[in-house]
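Student:
There are 2 protein chains.
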Amino acid sequence: MNTAAFADYRHYPLISPLSAVQVLPDRVQVRWADDRLSPFHHQWLRDNCPCTQCVYSVTREQVLEIVDVAEDLGCHGAHIDSQGCLCLDWSDGHQSRFDPGWLRAHAYDEQSREERRANKAQSQLWDSRLELPVFDYQALMDDPKTLLQWLLALRDIGLTQVRGVPTEPGSLALIARRIAFIRESNFGVLFNVQSKADADSNAYTAFNLPLHSDLPTRELQPGLQFLHCLVNDAEGGESIFVDGFAIADALRREDPEAFLTLCETPVEFRNKDRHSDYRCLAPIIALDALGEVAEIRMANFLRGPFDTSVEQMPRLYHAYRRFIALTREARFRVIRRLDPGQLWCFDNRRTLHARNAFDPASGARHFQGCYIDRDELLSRILVLQR
Amino acid sequence: MNTAAFADYRHYPLISPLSAVQVLPDRVQVRWADDRLSPFHHQWLRDNCPCTQCVYSVTREQVLEIVDVAEDLGCHGAHIDSQGCLCLDWSDGHQSRFDPGWLRAHAYDEQSREERRANKAQSQLWDSRLELPVFDYQALMDDPKTLLQWLLALRDIGLTQVRGVPTEPGSLALIARRIAFIRESNFGVLFNVQSKADADSNAYTAFNLPLHSDLPTRELQPGLQFLHCLVNDAEGGESIFVDGFAIADALRREDPEAFLTLCETPVEFRNKDRHSDYRCLAPIIALDALGEVAEIRMANFLRGPFDTSVEQMPRLYHAYRRFIALTREARFRVIRRLDPGQLWCFDNRRTLHARNAFDPASGARHFQGCYIDRDELLSRILVLQR
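Protein sequence lines correspond, in order, to chains A and B.
With full-length UniProt numbering applied, the first sequence covers 1 to 386.
With full-length UniProt numbering applied, the second sequence covers 1 to 386.
1. For Thr-52/B, count neighbouring Cβ atoms within 10 angstroms of its own Cβ and tell me buried if that reaches 16, exposed if not.
2. What do you reckon, are the CB atoms on Ser-276/A and Asn-348/A nearer than 8 Å?
3. For chain A, find out if any of its Cβ atoms is closer than 8 Å to the Cβ of Gln-62/B; answer yes or no.
4. Which residues of chain A have a Cβ atom closer than 7 Å to the Cβ of Asn-300/B, listed in chain order?
5. Hey, quick one: how far does the beta strand (DSSP E) through Ser-309/B stretch, first residue to last?
6. At the 8 Å Cβ level, is Leu-220/B part of the contact set with chain A, yes or no?
7. Would the region 365-380 of chain B and the region 243-263 of chain B be scored as touching if the rule is three or more Cβ pairs under 8 Å?
8. Classify Asn-300/A as buried or exposed, calling it buried when 16 or more other Cβ atoms lie within 10 Å of its own Cβ.
9. Unbroken beta strand (DSSP E) runs of length 3 or more, entirely within the region 191-256 of chain A: which are they?
10. Quick check on Thr-3/A: does DSSP put it in helix, strand or coil?
11. Provide the residue span of the beta strand (DSSP E) that contains Lys-272/A, from first to last.
12. Taking C-beta pairs closer than 9 Å, name the residues in chain A that Arg-31/B reaches, listed in chain order.
13. May I ask you to report which of helix, strand or coil DSSP gives Pro-39/A?
14. Here's the rule I'm using: 16 or more other beta-carbon atoms within 10 Å means buried, otherwise exposed. How should Leu-220/A be labelled?
15. Please name the residues in the region 309-333 of chain A whose beta-carbon is closer than 8 Å to at least one beta-carbon of chain B, in chain order.
16. Measure the alpha-carbon distance for Met-141/B versus Leu-159/B and round it to whole angstroms.
17. Measuring CB to CB, does Ile-381/B end up less than 8 Å from Leu-152/B?
18. By the 7 Å beta-carbon criterion, what residues does the region 41-58 of chain B contribute toward chain A?
19. Applying a beta-carbon distance threshold of less than 8 Å, which residues of chain B neighbour Thr-205/A?
20. Any C-beta of chain A sitting closer than 8 Å to the C-beta of Lys-272/B?
21. Starting from the beta carbon of Pro-39/A, find every residue of chain B whose beta carbon is closer than 7 Å, and list them in chain order.
22. Could you say which of Tyr-56/A, Ser-16/A, Arg-163/A and Ile-296/A lies nearest to Gly-101/A if we only look at CA atoms?
23. In terms of DSSP beta bridges, what is Gln-368/A paired with?
24. DSSP has Leu-159/A in a bridge; who is on the other side?
25. Might you give, ordered along the chain, the residues of its own chain that have their beta carbon closer than 8 Å to the beta carbon of Thr-351/A, omitting 5 neighbours on each side?
26. Would you report the Cα separation of Ala-5/B and Ala-203/A, rounded to the nearest angstrom?
27. Do Gly-341/B and Arg-163/B come within 8 Å of each other at the CB atom, strictly closer than that value?
28. Tell me which residues share the same chain as Asn-2/A and place their Cβ nearer than 8 Å to its Cβ, disregarding the 5 neighbours each side in the sequence.
29. Which residues in the same chain have their Cβ closer than 6 Å to the Cβ of Leu-281/B, if we skip the five residues on either side of it in sequence?
30. Sort out for me which residues DSSP pairs Arg-97/B with in a bridge.
31. Step through the CB atoms of chain A and report whether any lies within less than 8 Å of the CB of His-212/B.
32. Are the beta-carbon atoms belonging to Met-298/B and Pro-216/B less than 8 Å from one another?
33. Does the distance between the C-beta of Thr-327/B and the nearest non-hydrogen atom of the ligand GDP fall short of 7 Å?
34. Kindly give me the distance between the Cβ atoms of Ile-324/B and Glu-65/A, rounded to whole angstroms, as I take these residues to be in contact under 8 Å.
35. Rounded to the nearest angstrom, what separates Ser-91/A and Leu-384/B at their Cα positions?
36. Looking only at its chain, what residues have a beta carbon closer than 7 Å to the beta carbon of Ala-357/B, apart from the 5 residues adjacent to it on each side?
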């Protein structure tokens with residue numbers, strides 16, 4: 001099989017060979033050696049024809065548009081060739097040939113779809129007893145396998161620490177770019193977390209910052225946040241983390257009505273200064289299509305006034321108070337002080353972070369931070385896994 | 001009224017003065033001079049106290065967390081002061097004072113909320129008869145009022161042309177930065193649209209490109225896309241645009257079941273090369289909380305194999321074919337050829353764009369493009385409107 005025209009770069013191992021094929025009026029039904037039965041509609045098969053007429057082999061992108069093929073296109077013949085591929089003759093004369101590994105990976109019979117759902121990566125919830133995943137800077141820079149382990153920890157646990165990072169300002173960018181380009185914001189490509197007289201965010205004061213996600217004021221919250229410690233001579237300023245998914249899970253069990261209220265009520269977050277005015281209206285807890293918690297959006301200091309019906313308002317305040325109260329419980333909190341040359345990297349859409357107040361008179365404190373989007377993390381993982 | 005501690009930078013004109021105030025067990029009810037009655041719960045009022053203890057005046061961000069106030073906090077007194085502000089005495093001794101313009105703008109009685117909904121910006125649907133909004137480069141660079149008109153056209157119409165742009169490579173960045181920083185992608189900060197032998201996207205070939213949005217493979221499709229013409233000596237390569245919201249609207253009326261199928265069925269989009277592998281699973285038509293069409297996600301050449309149930313698959317193909325067929329109807333299409341020094345700027349999450357094939361042997365063709373997110377567009381509009 002010439003796989004050059006695969007509309008993909010992944011390899012699809014042969015799970016089970018094709019054993020039989022039957023042409024039905026609207027579909028082709030194949031039987032696999034392990035007895036699974038997979039129907040494929042004619043339109044689906046024609047649409048996914050991997051031949052070099054249908055897919056441009058340089059980009060591996062489709063050039064065929066299915067609307068250019070008759071909706072009632074028929075299949076005149078089907079067989080399994082000597083290499084185990086499914087070969088089809090279409091009523092318009094076109095021919096298609098499918099690799100059995102690829103076909104099995106994309107089969108949409110119920111069992112195959114259920115298998116794919118079950119194989120999806122799962123978040124591992126954590127609390128104060130978390131064994132913090134710690135990685136060595138140089139190993140991440142040099143070794144793709146260690147890099148992949150770090151990225152998987154970020155995807156599935158959502159909180160990691162890196163040690164041995166150079167403390168020159170800007171060196172954060174070197175490790176961030178091991179994943180991808182940095183996501184810029186109005187605070188810059190790299191932002192300096194220091195106490196400033198003309199602060200344009202409470203982050204740039206010496207105040208304590210309650211548990212929050214960064215940029216909840218944007219439609220897409222940054223996926224990964226980095227916080228790199230360059231200098232930390234000031235008293236206080238410890239970092240606190242909670243697993244927002246674990247908090248949501250506890251709320252769901254302990255107060256299901258409050259959980260639902262936070263899933264269903266859009267809340268406005270605002271981030272404004274003299275040059276910008278960001279507003280985003282979204283619920284604090286976002287669920288995915290399967291009803292699983294997919295994202296937490298929270299920063300009390302960036303929240304606008306609640307805007308819901310008079311009837312709903314007391315329920316919203318009750319739910320909001322419950323959520324915040326949970327984030328303050330010791331059972332969920334990981335508290336650490338960062339030393340120079342260490343950095344936090346965490347899932348900003350899941351792991352809420354806080355900072356204790358620090359005393360700027362007691363010594364200097366300088367952190368640098370940056371963001372990378374989840375798309376880039378997941379793409380990098382797929383490329384490293386090829 | 002000292003407005004320095006307002007958790008906001010906007011001005012709130014006095015729509016109607018406060019005329020009466022009544023304290024109830026869980027809320028304060030105010031009557032306005034125009035007879036509207038607005039209840040405000042104690043928790044809401046305490047939460048939104050604008051005093052300098054509760055809001056840090058430098059950042060205008062809240063330092064109070066409502067969970068630090070008793071859930072059953074009572075109000076011991078309320079009056080309207082000589083400046084028309086609402087003054088409250090809380091059971092814990094704290095005092096709050098609210099500007100009547102701000103209070104009215106955030107009132108959540110049913111009538112006030114309905115008014116705000118009605119005042120939201122509305123998309124103006126268009127078809128082939130669109131009077132294309134055209135702007136002059138120099139005016140956009142020099143005049144904030146023209147700039148605002150352009151941004152409003154982008155928000156509400158979603159397709160604009162700018163003329164008189166310098167044709168030096170990179171000059172696109174100057175006008176893009178009139179709005180905000182540019183959103184980087186794996187294709188760079190500025191991308192060069194040219195026919196390349198080692199293309200990593202069909203966009204970088206001389207093929208025709210069917211109507212599509214850019215980066216449907218990312219969780220957040222770029223909000224604005226710029227395409228700047230530097231050289232256009234090749235035959236062919238005309239730009240085609242359709243209003244994706246108008247297409248969705250037509251589908252909703254002409255084939256409601258197909259419309260629903262595209263709203264409810266997640267489709268995978270993939271963008272992969274040797275260094276990246278982006279995948280995003282989302283419906284082609286996204287609705288907002290009110291059921292209005294909010295976003296179109298579409299690029300046939302970046303689409304993965306459909307993955308839905310055997311029963312649903314024929315319905316999905318039918319709906320997909322109907323949508324594509326509509327985008328090909330002349331009634332929806334705006335077709336123009338860009339000259340050097342002109343650029344398109346459009347809403348990439350609404351306005352689908354296509355390119356006719358061009359003949360690279362007939363002459364040079366060089367466009368540059370870039371992206372800016374919708375958050376940045378909306379923030380810039382709010383700042384210009386202050």
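We treat Cβ as the ideally placed atom computed from N, Cα and C, and that holds for glycine.
Here the structure is a predicted model, which means the values were calculated and not measured.
Tutor: Looking at the atomic coordinates:
1. In the second sequence, counting from the first residue as 1, residue 52/B sits at position 52. Looking at its Cβ environment, which holds fewer than 16 other Cβ atoms inside 10 Å, Thr-52/B is exposed.
2. Looking up residue 276/A in the first sequence gives position 276. Looking up residue 348/A in the first sequence gives position 348. Going by C-beta atoms, Ser-276/A is not nearer than 8 Å to Asn-348/A.
3. As a working mapping, residue 62/B is identified with position 62 in the second sequence. Yes, contact with chain A.
4. As a working note, residue 300/B is residue 300 in the second sequence. Near Asn-300/B (Cβ distances below 7 Å), the residues of chain A are Gln-62 and Glu-65.
5. Counting from 1 along the second sequence, the entry for residue 309/B is found at position 309. Careful: Ser-309/B lies outside any beta strand (DSSP E) and carries neither H nor E.
6. In the second sequence, counting from the first residue as 1, residue 220/B sits at position 220. So yes, Leu-220/B belongs to the interface.
7. no
8. In the first sequence, counting from the first residue as 1, residue 300/A sits at position 300. Result: buried.
9. 191-193, 209-212, 224-232 and 239-243
10. Along the first sequence, one-based indexing puts residue 3/A at 3. Residue placement at Thr-3/A is flagged as unreliable, the pLDDT there being 44, under the threshold of 50; the coordinate-derived value follows with that caveat. Three-state DSSP puts Thr-3/A in a helix.
11. Against the first sequence, residue 272/A aligns to sequence position 272. Element bounds for Lys-272/A: 267-272.
12. To locate residue 31/B, count along the second sequence from 1; it is residue 31. What Arg-31/B touches in chain A: nothing, since even the nearest Cβ is about 15 Å away.
13. Taking the first residue of the first sequence as 1, we reach residue 39/A at position 39. Strand, per DSSP.
14. Within the first sequence, numbered from 1, the residue matching residue 220/A stands at position 220. The residue in question, Leu-220/A, is buried, as its Cβ has 16 or more Cβ neighbours within 10 Å.
15. Ser-309, Val-310, Met-313, Pro-314, Tyr-317, His-318, Tyr-320, Arg-321, Ile-324, Ala-325 and Arg-328
16. The residue you call residue 141/B lines up with position 141 of the second sequence. The residue you call residue 159/B lines up with position 159 of the second sequence. Near 19 Å, if we compare the C-alpha coordinates of Leu-159/B and Met-141/B.
17. The sequence position of residue 381/B within the second sequence is 381, counting from 1. The sequence position of residue 152/B within the second sequence is 152, counting from 1. The answer is yes: Cβ separation under 8 Å.
18. His-41, Gln-43, Trp-44, Asn-48, Tyr-56 and Val-58
19. For the purposes of this step, residue 205/A is taken as residue 205 along the first sequence, with counting starting at 1. Those are Tyr-56, Val-58 and Thr-59, listed as they occur along chain B.
20. One-based indexing of the second sequence puts residue 272/B at position 272. For Lys-272/B, the answer is yes, since a Cβ of chain A falls inside 8 Å of its Cβ.
21. For the purposes of this step, residue 39/A is taken as the residue at position 39 of the first sequence. Per Cβ cutoff of 7 Å: Val-310.
22. Start at 1 with the first residue of the first sequence, and residue 101/A comes out as number 101. When only C-alpha atoms are compared, the closest one is Ser-16/A.
23. The residue labelled residue 368/A in the question sits at position 368 within the first sequence. The partner list for Gln-368/A (beta bridge, DSSP) reads Asn-192/A and His-228/A.
24. Position 159 of the first sequence, counted from the start, is the residue given in the question as residue 159/A. In DSSP, Leu-159/A forms a bridge with Phe-346/A.
25. Working through the first sequence from its first residue, we reach residue 351/A at position 351. If we look at Thr-351/A and ignore the five residues flanking it on each side, its Cβ neighbours are Gly-158, Leu-159, Phe-241, Val-242, Asp-243 and Gly-244.
26. For the purposes of this step, residue 5/B is identified with residue 5 of the second sequence, where counting begins at 1. For the purposes of this step, residue 203/A is identified with residue 203 of the first sequence, where counting begins at 1. Since pLDDT at Ala-5/B reaches only 46, below the 50 mark, its modelled position is unreliable, and no value is offered.
27. In the second sequence, residue 163/B corresponds to position 163, counting from 1. In the second sequence, residue 341/B corresponds to position 341, counting from 1. Contact flag set, yes.
28. Position 2 of the first sequence, counted from the first residue, corresponds to residue 2/A. Residue confidence is low: Asn-2/A scores 43 on pLDDT, short of 50, so the model does not pin down where it sits. Its coordinate-derived value is still stated next. Excluding sequence neighbours, Asn-2/A sits near nothing in its chain.
29. Translated into the one-based positions of the second sequence, residue 281/B becomes position 281. Pro-266 and Glu-268, listed in sequence order.
30. On the second sequence, residue 97/B is found 97 positions in, with the first residue counted as 1. For Arg-97/B, which the question treats as bridged, DSSP gives the partners Cys-87/B.
31. Taking the first residue of the second sequence as 1, we reach residue 212/B at position 212. No, no contact with chain A.
32. Walking along the second sequence from the start, residue 298/B turns up at place 298. Walking along the second sequence from the start, residue 216/B turns up at place 216. The answer is yes: Cβ separation under 8 Å.
33. The ligand GDP is not part of the structure shown, which contains no ligands of any sort.
34. Reading the second sequence from its first residue, position 324 is the one you call residue 324/B. Reading the first sequence from its first residue, position 65 is the one you call residue 65/A. That belief holds up - the Cβ atoms of Ile-324/B and Glu-65/A are roughly 7 Å apart, short of 8 Å.
35. Here residue 91/A refers to the residue found at position 91 of the first sequence. Here residue 384/B refers to the residue found at position 384 of the second sequence. Their Cα atoms are separated by approximately 60 Å.
36. Taking the second sequence and counting its residues from 1, one reaches residue 357/B at position 357. Ala-206, Phe-207, Asn-208 and Gly-236, listed in sequence order.
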